[in-house]
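Shown next, in structure tokens, is the structure this report addresses.
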Amino acid sequence: MDNSEESNVLSKLLQINLVRKAIINHIPSFSDISNLVNAYQFIINDLEREKIERSMFPYFDLQLVRVGHVNRFEASSGVPGIYNLEFSNNGRLECVLNKSRTFFGEMLPISNCVKYSIGLSIEKLEDDDRMDFVEVLAEKLNLNCNLRKNIKSLEFDLDYPDDMGYIILDALSYIEHDNITRISLPVECFTSPSDKYNMINENIFNGFPNLTKIILTKGESNCFYCLFYCKNIFERFVQQMSTAKIPTIFFKRLTGYDIIDINEINDIINIIKKYNIKVKLGVYINCPSCFVQYRNSTYTMETFSPIKKYITDACGWIRGYTELLHKIGILETFENLSELHLKFKLDDVIFNFKNSNDQKPGDWGLRKLNNLKNVKLGYEKDLDVRNSDILNLFYQLFEFTCSMMPRSVEVLQLKNVPDMNDVTAKMITKYMPNIKLLKIKCLFYKESDGLDNFSKLESLISYNYCPIIIPRTLKLLALAVDFVYDKRAVRSDELIFTDNLIRSHYEKFTKRIRDNKDNYILFNGIHRWHLYKCILQEYFY
């Protein structure tokens, strides 16, 4: 029987209700069920009505790779050859692989990413052995194992030594993976002395046909401007990256130490732009060296001026009301800003909060930044919610902050807000009416119908088992336990309440997932599972 005949037989079987249910019961994950639905779309309506429950095992795919001398080799005797080296891996991958072989449910790699931490206890390699060494290293990375076949992102971190980061670039040329779209590399990959490394001739990205983005990171001991002093290696790297589809290079987090040498940063950007590669920058606007003269807003705005059009991500602490106004004044010049994360140190902000100079909410701020889609506001946890005066000050600050946001925001993440009641929700939706994904961690819940104010809400992630009324637009609900607890220490009435709450929410949905930490995921729309899965990987875990 050929494939077409098998497909016809399966199609006929799926039209029989009892047989279809029996088949579905033997499919372990929603990913596999979704693939079946995409192949046989006539069963979508039937599956939408059926209650289906599965388990999930989320895991962080971190692999530690260590390379050192074999026992019989004396490090002081000279440069080691390939046969004098020993490779070792942590056992985490093997444990997860063993779990996947017997687990009936969804294996979920957090962030859909594999992170490699590479540590080398050697300082130099024989030139004749270098490529053999790199080939062995690439094999040890084991990227093509079955568990990693759908991974989208690679992240590399170099523990030691810094001047052998080029090994990672070499290893890329021996790796192939069709689904990788982005690779994160430490800046140490490019800072090796020129007499130690002179990049291989072939394109190191040939094995990644769908690669679109390189993310550059840095440790505490390095700055991005050091690329200016390694231009030869970096430019060859950029030239090879230019062959990717719609290529982008993203500098993950510039700090004040990078901004000090803004001319060097600008020269690096010009190298990238020469090869028609898009440049994006993330900035951390908290470093004191950026804000020694923060009352002089002209000074700091001029500092960012050469690079502001490339800034797409920004984050920073807010420790005072004046600082909030000043940083918003800087942020509003970043016309391409798409993600913003502000963390508030409450005792220093709310007690000094006031609308100085008759400024009213909505009169200024980030409201013209139409590219801003993702906003995260975090507050310290030790807010005295029993003090009405403090709560009143907090909500004044909260509404003032919301009033400065553009209507384009679609993802809102809130950490340690006192309550998501009707008043709080209206503060948000008045200025950000297009929220599609809301991630909240509330200190408590007083009311259950506040979320009805979000008229376009499709996905809700809550770090509490919250007694809420489900908005009619909601398609995905994820409920997380905010702490690890021993069920034997929890009162029976609390367990009954939790079970009843989950059961009540489940009535509004047809699909339910429970993971190994008692987190619950409820959703409708089995054909949209791959989209929901991406949301969970990026925002939930």
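For the sequence shown, my numbering assigns the number 2 to the initial residue and increments by one for each residue that follows. Where is the CB? At the ideal position from N, CA and C, for every residue including glycine.
Within 8 Å, strictly: CB atoms of residue i and residue j
| i | j | result |
| --- | --- | --- |
| L477 | I441 | no |
| F395 | P419 | yes |
| I514 | I34 | no |
| P280 | Y230 | Per the sequence shown, the amino acid found at residue 280 is Val instead of Pro. No. Outside cutoff. |
| F206 | A245 | yes |
| L370 | L343 | no |
| V239 | I261 | no |
| K416 | G379 | yes |
| L373 | L398 | no |
| I28 | L15 | no |
| N157 | W530 | The displayed chain sequence assigns Phe, not Asn, to residue 157. Not in contact: F157 and W530 (Cβ atoms no closer than 8 Å). |
| V66 | N90 | yes |
| G366 | I329 | yes |
Which residues DSSP lists as bridging residue i, in chain order
| i | result |
| --- | --- |
| N375 | E340 and V412 |
| E54 | R513 |
| F524 | L477 and K512 |
| S89 | R67 |
| R183 | S154 and K214 |
| D62 | V115 |
| A315 | V284 and L341 |
| I462 | K440 and A479 |
| Q107 | Inspection of the sequence shows that residue 107 is occupied by Glu rather than by Gln. According to DSSP, which records beta bridges pairwise, E107 is partnered with M57. |
| G120 | R67 and Y161 |
Residue of the options minimising C-alpha distance to residue i
| i | options | result |
| --- | --- | --- |
| L63 | L142, V386, F335 and N36 | L142 |
| S456 | K437, N375 and L98 | K437 |
| M433 | M406, P472 and I53 | M406 |
| I263 | Q240, N517, L370 and C227 | C227 |
| M57 | I44, L98 and P110 | P110 |
| E459 | H506, L338 and Y533 | Y533 |
| S449 | P472, F43 and D158 | P472 |
| T567 | V482, P29, V386 and E333 | Residue 567 is absent from the structure shown; the chain starts at 2 and stops at 542. |
| F104 | V482, V424 and P59 | P59 |
| F445 | Y507, K382 and K274 | K382 |
heavy atom of the ligand HEM below 7 Å from residue i C-beta
| i | result |
| --- | --- |
| I536 | As presented, the structure is devoid of all ligands, the ligand HEM included, so that no description of it is given. |
Same chain, Cβ closer than 6 Å to residue i, five either side skipped, listed in chain order
| i | result |
| --- | --- |
| L480 | S463, Y466 and Y521 |
| G363 | Because G363 carries a pLDDT of 48, less than 50, the predicted location of this residue cannot be relied on, and the following value inherits that uncertainty. Contacts found: S404. |
| K427 | N454 |
| K512 | I53 and F524 |
| A172 | V135, L138 and A139 |
| M165 | L121 |
| F385 | Correcting the residue type first, residue 385 is Asp in the shown sequence and not Phe. I391, listed in sequence order. |
| L413 | V376, I436 and L439 |
| R368 | P407 |
Cutoff 8 Å; reference residue i; Cβ partners in own chain excluding five residues on either side
| i | result |
| --- | --- |
| F225 | V188, L217, K219, F252, L255, D259, I266 and I269 |
| K150 | N180 |
| I247 | T213 and K279 |
| I152 | D62, P110, N113, C114, V115, L144, H178, N180 and I181 |
Cutoff 7 Å; reference residue i; Cβ partners in own chain excluding five residues on either side
| i | result |
| --- | --- |
| D179 | P210 and N211 |
| S12 | Y41 |
| N204 | Q241 and T244 |
*Considering only residues of the segment 123–170, which uninterrupted beta strand (DSSP E) runs meet the minimum length of 3 residues and lie entirely inside it, listed in chain order?*
154–161
*Please specify which runs of the beta strand (DSSP E), each continuous and at least 3 residues long, are wholly inside the segment 227–285, giving them in chain order.*
249–255 and 279–285
*alpha helix (DSSP H) runs contained entirely in the segment 381–452, provided each spans 4 or more residues*: 389–404 and 423–432
*Could you pull out every unbroken alpha helix (DSSP H) segment of at least 4 residues lying fully inside the segment 4–41, listed in chain order?*
4–15, 18–26 and 31–40
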